[in-house]
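Residue numbers (this note's numbering): 615 to 965.
Don't be surprised by glycine CBs; every beta carbon is placed ideally from N, CA and C.
Every value quoted in this text rests on a predicted model; they were computed, and no experiment measured them.
One structure below.
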């Protein structure tokens, strides 16, 4: 993942109703709430003044409860929905400035999308389904079939190309949907709750598969989910939405350790900290600790700043009262049993 921004969304609003511009003006000038907008204009605020950026190669998870606006927001990225106001830049392209023909080309070449429902064509084979984006691009049949077969191999369905959708399990159909989105080699992948309709075991298997593919293909991905465990497993960063607004953005660790408000605290209360919290978030500065407590013994265990809380607990139980955190050969922090216990207890109290 690089620091290069691929997606930049600025002050995006989506208001559903007959008078969206009038309702938005009232929100800005009179400070109307979502409920007041509904009562006065019979309009629904789907997305409210959302700004965010996604870096190249990043998996950016947008999550929230049903009705939070997450799926509505992602449909603005490729203009399946037209925003009431705001700016959308993808790879430097002003998406709002594209005419119908350019928008169609942009969608086909730049963005792949995977929906919750598999949306496979029942009369086409698996291979034909995967090749559809290339067919739209008018690539020759031999070339598109060859490329589609290569993608099927990547998602480990190479032997199923001649089958039809009804002959595949739900998890396999979703992998075909993912392969179809990848076939056109898009720069950006949009995934709207792609695994939520699947059984828990199949969902976890597909999460693992997606993590594997992400490491290989390095696609910039916006992943919509209502499942915080899923977001924590796969996301580089997580954005939490409520009532159409972005409440907090950060890594799983940042959100769990420093929730922005009570809503986020409640949201993350059930998440185990053991594999989310890392040494750098628990440690005391090394120099300050030594100044207050004196030197540590030479054989005190050393860990990387990215080591998980689970590992720290095992070290503290088995070996020592204090653990040294080192980076690039330099000791930068100390973690005591009290630090670990406090972090665990605070997590337990939240839940």
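Provide the residue span of the beta strand (DSSP E) that contains residue 855, from first to last. The count along the chain shown starts at 1 and reaches residue 855 at position 241. Membership of residue 855 in the beta strand (DSSP E) is indicated by the continuous run 851 to 856.
Residue 625, enclosing alpha helix (DSSP H) - first and last residue: Start at 1 with the first residue of the chain shown, and residue 625 comes out as number 11. For residue 625, there is no enclosing alpha helix (DSSP H); the enclosing beta strand (DSSP E) has its first and last residue at 619 to 630.
Helix, strand or coil for residue 734? Go by DSSP, reduced to three states. Here residue 734 corresponds to residue number 120 of the chain shown, with the count starting at 1. Three-state DSSP puts residue 734 in coil, outside helix and strand.
Can you confirm whether the region 660 to 667 touches the region 620 to 633 when touching is taken to mean that 3 or more C-beta pairs between the two stretches lie within less than 8 angstroms? Output reads yes: the region 660 to 667 touches the region 620 to 633.
With a threshold of 7 angstroms on Cβ separation, who are the neighbours of residue 730 within its own chain once the five nearest residues in sequence on each side are excluded? As a working mapping, residue 730 is identified with position 116 in the chain shown. Only 806, 807, 808, 810 and 811 meet the Cβ criterion.
Kindly identify the DSSP beta-bridge partner or partners of residue 727. For the purposes of this step, residue 727 is taken as the residue at position 113 of the chain shown. 804.
Would DSSP call residue 942 helix, strand or coil? Here residue 942 refers to the residue found at position 328 when the chain shown is read from its first residue. DSSP, reduced to helix, strand and coil, places residue 942 outside both helices and strands of the structure shown, so it counts as coil.
contact_flag[the region 711 to 726, the region 648 to 658] where n(CB pairs < 8 angstroms) is 3 or more: Cβ pair count under 8 angstroms is below three, so no.
For residue 763, report the span of its alpha helix (DSSP H) as first-last. On the chain shown, residue 763 is found 149 positions in, with the first residue counted as 1. For residue 763, the enclosing alpha helix (DSSP H) begins and ends at 755 to 768.
With 16 as the cutoff for other CB atoms within 10 Å, does residue 943 come out buried or exposed? Locating residue 943 in the chain shown gives position 329, counting from the first residue. Exposed.
Please go through the region 689 to 720 and give each complete beta strand (DSSP E) segment of 3 or more residues, from N-terminal end onward. Runs of the beta strand (DSSP E) inside the region 689 to 720: 699 to 704.
In terms of alpha-carbon separation, which member of 629, 714, 901 and 679 lies closest to residue 692? Start at 1 with the first residue of the chain shown, and residue 692 comes out as number 78. Selected option, being the one with the closest Cα: 714.
For residue 948 and residue 871, which I take to be in contact (beta-carbon distance under 8 angstroms), what is that distance rounded to the nearest angstrom? Mapped onto the chain shown, residue 948 falls at position 334. Mapped onto the chain shown, residue 871 falls at position 257. Not really, about 18 angstroms apart at Cβ, beyond 8 angstroms.
Who are the Cβ neighbours of residue 857 in its own chain at under 6 angstroms, not counting the five residues just before and after it? As a position in the chain shown, residue 857 is number 243, starting the count at 1. Excluding residues within five positions, the ones whose Cβ falls inside 6 angstroms are 648.
With a CB to CB cut of under 8 angstroms and the five nearest residues on each side skipped, what residues in its chain are close to residue 892? Walking along the chain shown from the start, residue 892 turns up at place 278. The beta carbon of residue 892 lies closer than 8 angstroms to those of 867, 919, 920, 921, 922 and 923 in the same chain, with the five residues before and after it left out.
Beta-bridge partners of residue 936, as assigned by DSSP: Looking up residue 936 in the chain shown gives position 322. Its beta-bridge partners are 950.
Can you give me the C-alpha to C-alpha distance between residue 905 and residue 927, rounded to a whole angstrom? Along the chain shown, read from residue 1 onward, the residue named residue 905 stands at position 291. Along the chain shown, read from residue 1 onward, the residue named residue 927 stands at position 313. Approximately 25 angstroms, taken between the alpha carbons.
Could you check the C-alpha separation between residue 835 and residue 688 for me, to the nearest Å? Counting from one through the chain shown, the residue named residue 835 turns up at place 221. Counting from one through the chain shown, the residue named residue 688 turns up at place 74. Looking at the backbone, the Cα of residue 835 and that of residue 688 are separated by about 11 angstroms.
Entirely within the region 790 to 835 and at least 3 residues each: give me those beta strand (DSSP E) ranges in chain order. Counting whole runs of 3 or more residues, the region 790 to 835 contains the beta strand (DSSP E) stretches 802 to 806.
Is it the case that the region 629 to 636 contacts the region 818 to 838, given that we only count it when at least three CB pairs across the two stretches are under 8 angstroms? Proximity of the region 818 to 838 to the region 629 to 636 falls short of the contact definition, fewer than three beta-carbon pairs being nearer than 8 angstroms.
Which class does residue 634 belong to by DSSP, given the choice of helix, strand or coil? Taking the first residue of the chain shown as position 1, residue 634 is located at position 20. Helix at residue 634.
Name the DSSP beta bridge partners of residue 668, please? As a working mapping, residue 668 is identified with position 54 in the chain shown. DSSP lists 621 as partners of residue 668.
Given this structure, state the Cα-to-Cα distance separating residue 601 from residue 941, to the nearest angstrom. Past the boundaries of the shown model lies residue 601; the chain is included only from 615 to 965, so the question cannot be answered.
I believe residue 853 touches residue 676 by the beta-carbon criterion, under 8 angstroms. Please report the beta-carbon distance rounded to the nearest angstrom. Against the chain shown, residue 853 aligns to sequence position 239. Against the chain shown, residue 676 aligns to sequence position 62. Confirmed, Cβ separation roughly 5 angstroms.
How is the alpha helix (DSSP H) around residue 847 delimited, first residue to last? The sequence position of residue 847 within the chain shown is 233, counting from 1. Membership of residue 847 in the alpha helix (DSSP H) is indicated by the continuous run 842 to 848.
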